[in-house]
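Data first, discussion second: the structure below is written as structure tokens.
2 protein chains.
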Amino acid sequence: MDKISYFKLAEFFKILSDPTRLKILMLLSKKECNVSEIQKNVGTSQSTVSHQLRILRQTNLVKYSKYGKHVFYKLYDDHVKTIIDFAVEHILEGEEKNA
Amino acid sequence: MDKISYFKLAEFFKILSDPTRLKILMLLSKKECNVSEIQKNVGTSQSTVSHQLRILRQTNLVKYSKYGKHVFYKLYDDHVKTIIDFAVEHILEGEEKNA
DNA sequence: ACTATATATGAACAATTAAACATATGTGGG
DNA sequence: CCCACATATGTTTAATTGTTCATATATAGT
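Protein chains in written order, with our numbering: chain A, 469 to 567; chain B, 469 to 567.
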């Protein structure tokens, strides 16, 4: 239970607490994408995408491989997707109660 | 899948992205506590605890009941605990790979 | 009513951060 | 070698946020 620090745990959730990063992660949960594809799908600037991808890389949420000029990103593993899906469920349940 | 906005999802994770709030939530996942108990356990000022409790209230992560001078808080439901546990697992797995 | 205890709230401050802008690096084609 | 495209990085700025300090509200006991 206490094998992990609250600080570290908080840092993990902080990564997930940004809409841009969530969009990227959800997209990558469906398919591997290069940066321009991500950019189009997320609908923001190239710089922003690249900056956020770096954060996702550094925190081991995504990994990548290079093919020529393109860099293809994918989820590091499926664990993150599971956590996000759980959160979505939680929020949807919460909304039902307020209906 | 897209029944929920990325913004809302991000806001949810943002709540979990603070060590103080995580400490409170983990404590409350074990047992109902009043504010002073929470304060002692978390090891921070009364004001800080109270501020964070308000955030947790407003986001429906905790609920409370009053008994005399004391206010007892508990988790709103067990869903949050599940999400946190999943995250802990994820991080622990990540650390194994770097060992 | 007064006091002590428990909890909440308001305001100010320091630190963090996402995005924008500019620029750099890398890679393949001609 | 130069050019166009793809991606990364550095810097600055505006906005957000957790804590602290001060103060307010509530409740029970005397």
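No residue lacks a Cβ here, since even glycine has one placed at the ideal position from N, Cα and C.
The CB of residue 558/A comes closer than 9 Å to the CB of 480, 545, 547, 548, 550 and 551 in chain B, given here in chain order. Residues of chain A with a Cβ closer than 8 Å to the Cβ of residue 506/B do not exist; the shortest Cβ-Cβ separation is about 14 Å.
When DSSP assignments are scanned along the stretch 514-549 of chain B, the uninterrupted stretches of alpha helix (DSSP H) that are 4 or more residues long and fall wholly within it turn out to be 514-526. Contacts with chain B at 7 Å (Cβ-Cβ) do not include residue 492/A. By the Cβ rule, the stretch 550-563 of chain A counts as touching the stretch 471-480 of chain B, because three or more pairs are nearer than 8 Å. Remark: C-beta atoms of residue 502/B and residue 539/B approach each other more closely than 7 Å. Using beta-carbon distances, residue 484/B counts as an interface residue toward chain A, with a partner under 7 Å. If you look at residue 504/B, you'll find it in the alpha helix (DSSP H) that goes 503-510.
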